[in-house]
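Residue numbers (my numbering), protein chains in the order written: chain A, 68 to 208; chain B, 16 to 284. Ideal placement from N, C-alpha and C gives every residue a C-beta, glycine not left out.
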């Protein structure tokens, strides 16, 4: 098998394993910071996967050069070469949106975790749950 | 019991990975890896700096920036609003202490660290500004440049202590005002074509379209300016810098001041 295709398959497999490990981390770890780290890695893995969706296999015989327009007034031949070398820009643009929204969520989560820590003096969700149970019992009594 | 539960959970995860992986590798989302890009991508790449057919061009050689702020400008505007709202909700959580002076009177790190940081802060700001201002030519743009520049206030607060924020002229209300003005700038850049043409233009219009004679400057001194992309990148960069400044400002309050927020909850404020 072509080395490029086997490397591509290895990347896809490793990304899926990464995604699964992150889901495991988010669900099973009781520490909120560990959950948060797993969530950020999950976001990044999915983003890399989306960018990989816009990837294309390099054509044999084409000069290995980045898809950059070197001229402010490109000739139609320059534009053709640019089209032959470029990858799909749409997933990259959409991932950019996903990164910003992910960051907005992350900032909010970080502040909520700090808030919880100052309130309960712990970031273990199991402990927070049992503390809340005690509080509810006390209030209802 | 707990071990059994974890084992079942692990097996379930492996099954899920295989269920998603096998169809992907067999071509479930198209031939992988493709030799050709999709027709939609071709259309974007072909029109972004096509000087022979200016019907759909953006005057910017950076296809990603062109998609982000021109072809899909409204998407990016809503995304900016999501980020804006997230920071506002963080600020609301700490509304009792916002703009207050911190009670800790730190002196910061040693003079050597302070001098080195003062020099590197300038470098960070210049790199961030260059990423923002060249967003229509090279990879990067408003958000990325703003995020780079936002590193500067974090380092400054850590090295020079919080006293720097308390004594600086950049007060909390000024930062919030700058941020709102930046968002207003983005909205105005999108609406100016409509206002100037009395409703006969597109929202987020960048360059001349058939029958709508309005264009943001396509070139300055022979360099492609990307029209509205440059202005939108600039405002987005400012908005992101101010947003991060506010977020780090509340995260880096000392424990004594932050505890006031929790006390407020106990008294039912």
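Whose C-alpha, out of the options, is nearest the C-alpha of residue i?
i: residue 64 of chain B; options: B/239, B/190, B/232; result: B/239
i: residue 130 of chain A; options: A/170, A/200, A/151, A/72; result: A/151
i: residue 123 of chain B; options: B/250, B/217, B/172; result: B/172
i: residue 68 of chain B; options: A/107, A/111, A/119, A/143; result: A/143
i: residue 158 of chain A; options: B/156, B/52, B/89; result: B/52
i: residue 106 of chain B; options: A/169, A/179, A/161; result: A/179
i: residue 248 of chain B; options: B/77, B/270, B/112, B/229; result: B/77
i: residue 246 of chain B; options: B/135, B/270, B/50, B/201; result: B/201
i: residue 175 of chain B; options: B/121, B/71, B/267, B/70; result: B/121
i: residue 176 of chain A; options: A/139, A/97, A/154, A/107; result: A/107
i: residue 163 of chain B; options: B/277, B/181, B/135, B/223; result: B/135
i: residue 162 of chain A; options: A/86, A/203, A/112; result: A/112
i: residue 91 of chain B; options: B/20, B/269, B/158; result: B/158
i: residue 253 of chain B; options: B/195, B/114, B/32; result: B/195
i: residue 100 of chain B; options: B/258, B/75, B/49; result: B/258
i: residue 168 of chain A; options: A/208, A/190, A/110, A/202; result: A/110
Would you list the one or two residues that DSSP bridges to residue i?
i: residue 224 of chain B; result: B/227
i: residue 235 of chain B; result: B/238
Helix, strand or coil for residue i, going by three-state DSSP, please let me know.
i: residue 71 of chain A; result: helix
i: residue 212 of chain B; result: coil
i: residue 149 of chain B; result: coil
i: residue 98 of chain A; result: strand
i: residue 161 of chain B; result: helix
i: residue 92 of chain A; result: helix
i: residue 120 of chain A; result: helix
i: residue 200 of chain B; result: helix
i: residue 70 of chain B; result: coil
i: residue 128 of chain A; result: coil
i: residue 155 of chain A; result: coil
i: residue 284 of chain B; result: The pLDDT assigned to residue 284 of chain B is 48, lower than 50, so where the model puts this residue is not dependable; a value taken from the coordinates is nonetheless given after this. Looking at residue 284 of chain B - three-state DSSP - the assignment turns out to be coil, as it is neither helix nor strand.
i: residue 193 of chain A; result: helix
i: residue 43 of chain B; result: strand
i: residue 217 of chain B; result: coil
i: residue 138 of chain A; result: coil
i: residue 147 of chain A; result: helix
i: residue 251 of chain B; result: helix
i: residue 268 of chain B; result: coil
i: residue 51 of chain B; result: coil
i: residue 29 of chain B; result: helix
i: residue 188 of chain B; result: helix
Is it buried or exposed, residue i, if we count other Cβ atoms within 10 angstroms and call 16 or more buried?
i: residue 284 of chain B; result: Summary for residue 284 of chain B: the model assigns pLDDT 48, below 50, so the residue's position carries little reliability; its value from the coordinates is reported in the next sentence. Exposed is the call here.
i: residue 286 of chain B; result: Residue numbering for chain B in the displayed model covers 16 to 284; residue 286 of chain B lies beyond these limits and cannot be assessed.
i: residue 69 of chain A; result: exposed
i: residue 58 of chain B; result: exposed
i: residue 208 of chain B; result: buried
i: residue 94 of chain B; result: buried
i: residue 213 of chain B; result: exposed
i: residue 250 of chain B; result: buried
i: residue 117 of chain B; result: buried
i: residue 79 of chain B; result: buried
i: residue 125 of chain B; result: exposed
i: residue 192 of chain B; result: exposed
i: residue 102 of chain B; result: buried
i: residue 177 of chain B; result: buried
Is residue i close to the ligand HEM? I mean its beta-carbon at under 7 Å from any heavy atom of the ligand.
i: residue 214 of chain B; result: You won't find the ligand HEM in this model; it holds no ligand whatsoever.
Taking only beta carbons into account, state which residues of the region 37-71 of chain B come closer than 8 Å to chain A, listed in chain order.
The residues in question are 39, 40, 44, 47, 48, 49, 50, 51, 52, 53, 55, 56, 57, 59, 60, 61, 64, 65, 66, 67.
Could you run through the region 75-87 of chain A and flag, in chain order, every residue whose CB is less than 9 Å away from some CB of chain B?
Answer set for the region 75-87 of chain A: 75, 76, 79, 80, 83, 84, 86, 87.
Please list the residues of the region 227-238 of chain B that have a C-beta atom closer than 9 Å to any C-beta atom in chain A, keeping them in chain order.
Correct list: 234, 237, 238.
Contacting positions in the region 169-186 of chain A - beta carbon closer than 8 Å to chain B:
Listed by position, the residues of the region 169-186 of chain A near chain B (Cβ gap below 8 Å) are 170, 171, 172, 174, 175, 177, 178, 179, 181, 182, 185, 186.
In the region 126-159 of chain B, which residues sit with their C-beta less than 7 Å from some C-beta in chain A, listed in chain order?
Close to chain A, meaning a Cβ-Cβ distance shorter than 7 Å, are the following residues of the region 126-159 of chain B: 158.
For the region 74-98 of chain B, which residues have a beta carbon sitting closer than 7 Å to at least one beta carbon of chain A?
If the cut-off is 7 Å between Cβ atoms, the region 74-98 of chain B has 76, 78, 79, 82, 83, 87, 90, 91, 94, 97, 98 near chain A.
Can you give me, in chain order, the residues of the region 134-148 of chain A that have a beta carbon less than 7 Å from any beta carbon in chain B?
Residues of the region 134-148 of chain A with a C-beta less than 7 Å from any C-beta of chain B: 136, 139, 140, 141, 143, 146, listed in chain order.
Output, in sequence order along the chain, the residues in the region 250-280 of chain B whose CB is closer than 9 Å to any CB in chain A.
Correct list: 255, 258, 259, 262, 265, 266, 270, 273, 274, 276, 277, 280.
Relative to chain B, which residues along the region 107-121 of chain A have a C-beta separation below 9 Å, given in chain order?
Going along the region 107-121 of chain A in chain order, one finds 119, 120, 121 with a Cβ nearer than 9 Å to chain B.
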